[in-house]
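Residue numbers (this note's numbering): 865 to 1502.
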């Protein structure tokens, strides 16, 4: 795992600029630093290395092909690189290292942009191609300057880019781009507006108008000052496997799942596994233990609020497989220091409830190993979220309600008193499906969100589609469960879950690998007919059947808790501190719009507002006097 950065611009001090960008993300790769500058084309590449595969100097980046015409900076892991290397060697390519990075280089030479279809892993990389354009004469003057940016299928590894006023930048984190003095820091107001819906800023937006996220499964080509995007992969949703029973589904998926875990163990340094005690991480731990030659190192985090802690189940799995187990408990005393740390890690408003424990467990893990496996993705792939059950139940009720004649619906709506129990349910059942689903997971409703912002913003976003992000991935032709699984796979998973894990782990120079998100496994599970992977909407039904031969029943059959901090309990204990941060200190939203009593019944809302305020204070050149106008005015780039 590493950090990458690059510049395309004819400007002075090119080397100094890209060096600063790489320094901003030195935490992603403390083992080595590499830099290469081509002043003739105004191109600079930089790399911070966390050495995992081939620890020798041969793995140094930027790396080139044999004649120095193609260069790469790479972040990630390619798990099938040895098979690809053998194929490329048979085609005549010669290798100087044992890295997966060099395999990508030769794969690009051999297969062009289609090479990405052959990669199995997590990755974000940039290729600089200086070779003459195929249609041009082979002379130095006809050398082209082509930059190819690629991000993995699911969005495990991040990649940002900036294009404005002839300056093209890219990097692994926002802070790398923001380190360049030529970057326009104008804020994207719509992105900040989106944050209060999703708890994160949805791709391709960032908090900054001219910096974008490269979406998962995408390639970006920069050439002659222009960029173009290509989506190279999507989940095949209409090619079901010929499966006719649950037993056949288990038989089909089990070997692929075991293989996914096995190939994720490829490493030249020690590995461990995050063990939360939930079904996903416990299954990964079990398969890892069956494959490993020695004891597995497991790492767990718990909370000082017992109802939120899963340590007892993590210990049960650790004892079952005799792992080398490490654990720590997070308490209410952690929250005050975590607000500024969260802002530093994520560079923009981001308020996932488990960001704090993910950082803490990453820190204790990094003391022992450099690579760890996780169970991330299990809820999206195997349908594990609690809200799926509620969604399916409402879908059934909606079908019943809509089957009533329109005249009956109108009569009920007329005679049922406003505010009476059930009136809201009937209205909800006849609301657009996408809106009903979005309301289950939003932080603030559209009306609540608008009241929080200054009047000018309320007018600007009066007709704004708060759910535009979900709408582009909504597939009404799919069955109800697959529809929301696909939506979460394309939105919540990469922009929330995987963002959280990448920044929290890389902040302490730890590589996290999620084998449940191996794209071949994802494709295969989605190809299992829904009646066999989730009969009657049973959550994680298929994974539970697979795990019967791996885990104690107490782990498989227990109620799901979810890996999130007990914010509501903690903030009630820290009520004075919260009130000071939100209502006494300079406020950037509208404190009069916040119901203070109801707020303390909803910890995630408090956390979301604390993070938002802290971030705005850090990015805005303001000190003591903060008003609505400072949020709207030029002082923060409006």
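We put the CB at the ideal spot given by N, CA and C, even for glycine.
query	result
Nearest-angstrom Cα separation, counted from residue 1025 out to residue 1314	30 Å
Limits of the alpha helix (DSSP H) - the one that residue 1117 falls within	1110-1127
Three-state class that DSSP yields for residue 1025 in the structure shown	strand
Spatial neighbours of residue 1366 in its chain, beta-carbon cut-off 8 Å, leaving aside the 5 residues before and after	1020, 1021, 1022 and 1376
Residue 915, enclosing alpha helix (DSSP H) - first and last residue	That residue, residue 915, is in no alpha helix (DSSP H); it is neither H nor E in DSSP.
C-beta atoms of residue 1149 and residue 1139 nearer than 7 Å	yes
Residue 1417, buried or exposed, once every other Cβ within 10 Å from all chains shown has been counted against 16	exposed
Beta strand (DSSP E) segment containing residue 1086, residue limits	1082-1087
Per-residue DSSP class, three states only, for residue 1283	Annotation note: pLDDT 49 at residue 1283 (below 50); position unreliable, no value reported.
The region 909-916 in contact with the region 932-952 per 3-pair CB rule at 8 Å	yes
Straight-line Cα distance separating residue 888 from residue 1476	22 Å
7 Å Cβ cutoff, residue 1094 in contact with chain C	No chain C appears in this structure, which consists of one protein chain only.
DSSP state of residue 1093 mapped onto helix, strand, coil	strand
Length of the line joining the Cα atoms of residue 1305 and residue 1062	8 Å
Selection from 1089, 1039 and 1011 that minimises the alpha carbon distance to residue 1031	1089
Length of the line joining the Cα atoms of residue 1352 and residue 1099	12 Å
Whole-number beta carbon distance between residue 1163 and residue 1142, since they are thought to touch under 8 Å	About 14 Å separates the two Cβ atoms, so there is no contact after all.
Exposed unless 16 or more other CB atoms sit within 10 angstroms - verdict on residue 904	exposed
Cross-strand partners of residue 1307 (DSSP beta bridge)	For residue 1307, which the question treats as bridged, DSSP gives no partner whatsoever.
Near the ligand ATP: residue 1092 beta-carbon under 6 Å from a heavy atom	For the structure depicted, the ligand ATP is absent and the ligand set is empty, with no information on it obtainable.
Three-state secondary structure assigned by DSSP to residue 1398	coil
Start-to-end residues for the alpha helix (DSSP H) that takes in residue 1366	1362-1370
Validate contact between the region 1385-1402 and the region 1182-1196 using beta carbons, cut 8 Å, 3 pairs	no
Simplified DSSP assignment, three categories, for residue 1002	Unreliable positioning characterises residue 1002 in this predicted model, as indicated by a pLDDT of 47, which lies under 50. A coordinate reading is not provided.
Proximity below 7 Å, CB of residue 992 to CB of residue 1011	yes
Neighbourhood of residue 1256 by C-beta distance below 8 Å, restricted to the same chain and skipping five residues each side	1344, 1345 and 1401
Reference residue 1249, options 1329, 949 and 1349, closest by Cα	1349
Burial state of residue 1388, where buried means 16 or more other Cβ atoms lie within 10 Å	buried
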